[in-house]
Amino acid sequence: MTSAIREFAEWLSHTSPSILIQTHNASVIPTIQSIHIIAIGVVLTSVLMIDLRILGWAGHDQTLRETTDRFGPWLSWALLVLLITGISMVVGEPVRALLSFSFWLKMFLVALGTLIATFLQITAKRNEQTLVNRRTVKSLAILTLLIWVGIVILGRLIAYDYVWGSWSLKPTA
1 MTSAIREFAE WLSHTSPSIL IQTHNASVIP TIQSIHIIAI GVVLTSVLMI
51 DLRILGWAGH DQTLRETTDR FGPWLSWALL VLLITGISMV VGEPVRALLS
101 FSFWLKMFLV ALGTLIATFL QITAKRNEQT LVNRRTVKSL AILTLLIWVG
151 IVILGRLIAY DYVWGSWSLK PTA
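For the sequence shown, position 117 (counting from the first letter as 1) is numbered 117 according to my numbering, and the numbering increases by one without interruption.
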């Protein structure tokens, strides 16, 4: 499996889009990363506001549905921006990203966090009254906050993947 990932990363690094990004690395990668970081901020803020409302710690002047209607679109659009910028960063530096244990763990958490956030939004629109008082849903709200904090930390650890030791797919120097 790791050799297939390594081969794919090497192949991707020689494609035209990757070479274009690598050639203009001084301006393109920082620009993409900046947009990515702003979108992360929007996702974190949206998730935080929805979760705080679920927990009853903020937004008492709005129903949960009003809160999800307000922040849900921001969350959805920011996730789309993260997808586009994330793919662009992987294409620009495929070996760095695809051979990183932190990257794969982050992708797992992104999928999990997105699924839970989507579940909470859909459930909030269907039956808000039963949702707000359920311990399971409140636990999921706390879990999503922890997941997104973990995603941010893992995103930063991609550059320092050696911390994982033998779990890293990168060859040791």
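Glycine is no exception: its CB is placed at the ideal position from the N, C-alpha and C atoms.
So the alpha helix (DSSP H) Trp74 belongs to, where does it begin and stop? First-last of the alpha helix (DSSP H) with Trp74: 64-92.
Please list, in chain order, all residues of the same chain as Leu44 whose beta carbon is under 6 Å from its beta carbon, the five residues on each side excluded. Correct list, in chain order: Trp148.
Between the beta-carbon of Ser18 and the beta-carbon of Val91, is there less than 8 Å? Taking the C-beta atoms as reference points, Val91 is found nearer than 8 Å to Ser18.
How close, in whole Å, do the beta carbons of His36 and Met89 come, if the pair is a contact with beta carbons under 8 Å? That belief holds up - the Cβ atoms of His36 and Met89 are roughly 7 Å apart, short of 8 Å.
Would you check if the distance between the CB atom of Leu105 and the CB atom of Arg6 is smaller than 8 Å? Taking 8 Å as the Cβ cut-off, Leu105 and Arg6 do not qualify as a contacting pair.
Alpha-carbon spacing of Ala173 relative to Val95, whole angstroms: The predicted position of Ala173 is uncertain, since its pLDDT is 47 and thus under 50; a value taken from the coordinates is nonetheless stated next. For Ala173 and Val95, the gap between their C-alpha atoms comes out near 14 Å.
Using beta-carbon positions only, say whether Val47 and Thr144 come within less than 8 Å of one another. Taking 8 Å as the cut-off, the beta carbon of Val47 is found closer than this to the beta carbon of Thr144.
I think Ile40 touches Val152, with their Cβ atoms under 8 Å apart; what is that distance to the nearest whole Å? About 6 Å separates the two Cβ atoms, so the contact holds.
What is the DSSP secondary structure of Ile155, counted as helix, strand or coil? Here residue 155 turns out to be Gly, not Ile, going by the sequence shown. Three-state result, Gly155: helix.
Is the Cβ-Cβ distance between Leu52 and Ala58 less than 8 Å? Yes. Within cutoff.
Can the beta-carbon of Thr68 be found closer than 8 Å to that of Ala159? Not in contact: Thr68 and Ala159 (Cβ atoms no closer than 8 Å).
First and last residue of the uninterrupted alpha helix (DSSP H) at His14: Where His14 is concerned, there is no enclosing alpha helix (DSSP H), given that its DSSP letter is neither H nor E.
Sorted by chain position, which residues of the same chain lie with C-beta nearer than 7 Å to Leu79's C-beta, five sequence neighbours on each side aside? Excluding sequence positions up to five before and after Leu79, its CB lies within less than 7 Å of the CB of Val43, Thr114, all in the same chain and listed in chain order.
Ser100 by DSSP, collapsed to three states: which one? Collapsing the DSSP output to three states places Ser100 in coil.
Going by beta carbon distance, what residues of the same chain come within less than 6 Å of Ile32, once the five residues before and after it are set aside? If we look at Ile32 and ignore the five residues flanking it on each side, its Cβ neighbours are Thr85, Ser88, Met89.
For Ala117, which residues in the same chain have their Cβ closer than 8 Å to its Cβ, ignoring the five residues on either side in sequence? These residues qualify, in order along the chain: Val47, Ile50, Leu75, Thr144.
Check the C-beta distance from Phe101 over to Asp161 and give it rounded, since I have them as a contact under 8 Å. Their Cβ separation, rounded to whole angstroms, is 6 Å, which keeps Phe101 and Asp161 in contact under 8 Å.
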